[in-house]
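Scroll down for the structure; my scribbles are underneath it.
Residue numbers (this note's numbering), protein chains in the order written: chain A, 1 to 224; chain B, 225 to 556.
Here you go:
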């Protein structure tokens, strides 16, 4: 025998209460777990500097080390508590790919990295620029590299190269070797600069990060 | 007795989620979102990225899924070959198409959500916030009657019953509104970078537009006056808009909740200020689409906007547009 309309409505209201609770817990804007290294990277350091300056302006003088420790303890305690509260809902969220993490440009990147691809052709004497983001004259594979799913693999990852970025550079090299028989070597790298505000002195820093060179002979026979 | 007059909170809770409405708004949202999803999936094939994004390293893909301890279910069931990547892609396209045309809408939404989650697990860095939002919405669609208008399911039901279904549970649309409110609001709360605040000179949008990874062009000219000031103003508006977004729920409550008098309620019912927040959101997304390379993000967000409309508002709007067209045509 099926449920009566009233019982059906009650069961649905109960299920929705549980679903809202789970998604509500996931939506709590809690910090990520932090390490001292993260906090001392360029962006983190600049943010700490500004917070300390602002607190000093408000009459609170804190030592940098103390402030960093306080931030670490607070962030990691909140993160651990959040992880604990999410645990009962995690199996469903994982299998369904659902979630409520909406940190859209939460911390604007003052040290952006611009992707570049250099190639060395047969008989060549130097590297030639084949791709540079936002450079219409050097646009090899530009449509692929601007696709959001591919951008996700290198944007924010170049400075701290992870497996996916390394795989991407290998894959790009193979794709170029497959379509350009005259190319002997490919190097994928980032070019890091410092975005300063109009009210700040310009910083001419322009540094190559995470260069990943590839030789054709090492990719022979590999899938493109 | 109206639901607001029921004696206990639990009874009101049960009755609130038991309301029904015309499926039009849900159907329009389904079609809009489905078209955006199909466009995004089609781009994967058009750019020859099926194996790259859905396949493992062994098959020429970018994923180390076959080597990880937490191997995705897909590669537990299927071998790590290019054919497996293509099967997953074909299944995603088929379910997305079925969802868009409203054919086995609930099942196709559910299957698409699970398959998409597999793709996310195969290559996590390629999965963006907007993918998660789409899957959240698909989960809601999987429990809705969204296929009973503007869809094959509705046509089949109409053939059986003699007329198109005119009433489905309203709660999926309420959840979609809640989802959008939570997304905007918590995105605002998580903006902890000082550039979003006066201490950081309200420079966030200026800084983001200088990031070559996301900007669509060289926006260095924004450093010149008055453009920098305009970006500061836009940053401040963005923060106020996102932090205050829960006001939309209060305004819905005023518009559609119990009639208890009061100036704010009367003002809301007369002028519907919730459209200020919703309209600002649409403007914000159009601006993002013009200046930043965020893929389907602005379009998928706006595809969910029909859920903000009550079906009668949507019908009234359609009639007004149709009436406007007639009037224009008749004007000599």
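Backbone N, C-alpha and C fix where the C-beta goes; we use that ideal spot for every residue, glycine too. Values in this document were obtained by computation on a predicted structure and should not be read as measured data.
Note that the C-beta distance between residue 403 of chain B and residue 361 of chain B is below 8 Å. Following the DSSP letters along the chain, one finds residue 206 of chain A inside the beta strand (DSSP E) bounded by residues 206-215.
Here residue 76 of chain A has 33 and 34 as same chain residues with Cβ atoms under 7 Å from its own Cβ, once five neighbours each way along the sequence are excluded. Residue 18 of chain A and residue 528 of chain B have their C-alpha atoms roughly 24 Å apart. Your pair residue 144 of chain A and residue 43 of chain A does not check out as a contact, with CB atoms roughly 28 Å apart and the cut at 8 Å. Take the alpha-carbon of residue 344 of chain B and the one of residue 357 of chain B: they are about 13 Å apart. For a Cβ distance threshold of 7 Å, residue set 431 and 434 of chain B lies close to residue 195 of chain A, ordered along the chain. Separation of the CB atoms of residue 38 of chain A and residue 110 of chain A is rounded to 15 Å, and the pair is thereby denied contact status at 8 Å. The C-beta distance from residue 495 of chain B to residue 412 of chain B rounds to 24 Å, too long to meet the 8 Å contact threshold. The beta carbon of residue 212 of chain A does not come within 8 Å of any beta carbon belonging to chain B, so the residue lies off that interface.
Nearest Cα to residue 156 of chain A within the set B:291, B:437, B:290 and B:547: B:437. When the Cα atoms are used, residue 327 of chain B and residue 383 of chain B turn out to be separated by approximately 14 Å. In terms of Cβ geometry, residue 321 of chain B and residue 262 of chain B form a close pair [threshold 8 Å].
For residue 130 of chain A, the three-state secondary structure derived from DSSP is strand.
Residue pairing by DSSP leaves residue 181 of chain A without any beta bridge partner.
The alpha carbon of residue 407 of chain B has as its nearest neighbour, out of B:381, B:444 and B:472, the alpha carbon of B:472. The DSSP-derived three-state label of residue 543 of chain B is helix. In the three-state scheme derived from DSSP, where H, G and I count as helix and E and B as strand, residue 2 of chain A is classed as coil. Contact of residue 359 of chain B with chain A is assigned, a C-beta pair being separated by under 8 Å. Under the three-state reduction of DSSP output, residue 117 of chain A falls in the strand class. Taking 7 Å as the upper bound on Cβ-Cβ separation, chain A lies near residues 407, 410, 411, 413, 414, 415, 416, 417, 418, 419, 423, 424 and 425 of the segment 407-425 of chain B. By the neighbour-count criterion, in which 16 or more other beta carbons inside 10 Å mark a residue as buried, residue 15 of chain A falls on the exposed side. Counting only runs that start and end inside the segment 54-101 of chain A, the alpha helix (DSSP H) elements of at least 4 residues fall at 64-86 and 90-96.
Of the residues assessed, residue 61 of chain A falls on the exposed side of the cut-off, its CB having fewer than 16 other CB atoms within 10 angstroms. With a threshold of 8 Å between beta carbons, residue 155 of chain A makes contact with chain B.
Around the C-beta of residue 457 of chain B, fewer than 16 other C-beta atoms lie within 10 Å, and the residue is accordingly described as exposed. Taking a beta-carbon distance threshold of 8 Å, residue 104 of chain A counts as an interface residue toward chain B. DSSP, reduced to helix, strand and coil, places residue 191 of chain A within a strand of the structure shown. In this structure, the straight-line span from the alpha carbon of residue 277 of chain B to that of residue 283 of chain B is close to 11 Å.
Sequence-distant Cβ neighbours of residue 203 of chain A in its own chain, meaning closer than 7 Å and more than five residues away, are 194 and 196. Counting C-beta atoms within 10 angstroms of its own C-beta, residue 23 of chain A has 16 or more neighbours from the protein chains shown and is therefore classed as buried. For the 8 Å CB-CB criterion, residue 246 of chain B and residue 390 of chain B form a contact. The Cβ-Cβ distance between residue 96 of chain A and residue 338 of chain B falls below 8 Å. Separation of the CB atoms of residue 287 of chain B and residue 347 of chain B is rounded to 4 Å, and the pair is thereby assigned contact status at 8 Å. DSSP, read as helix, strand or coil, puts residue 242 of chain B in coil.
In this chain, residue 305 of chain B is not harboured by any alpha helix (DSSP H), its DSSP state being neither H nor E.
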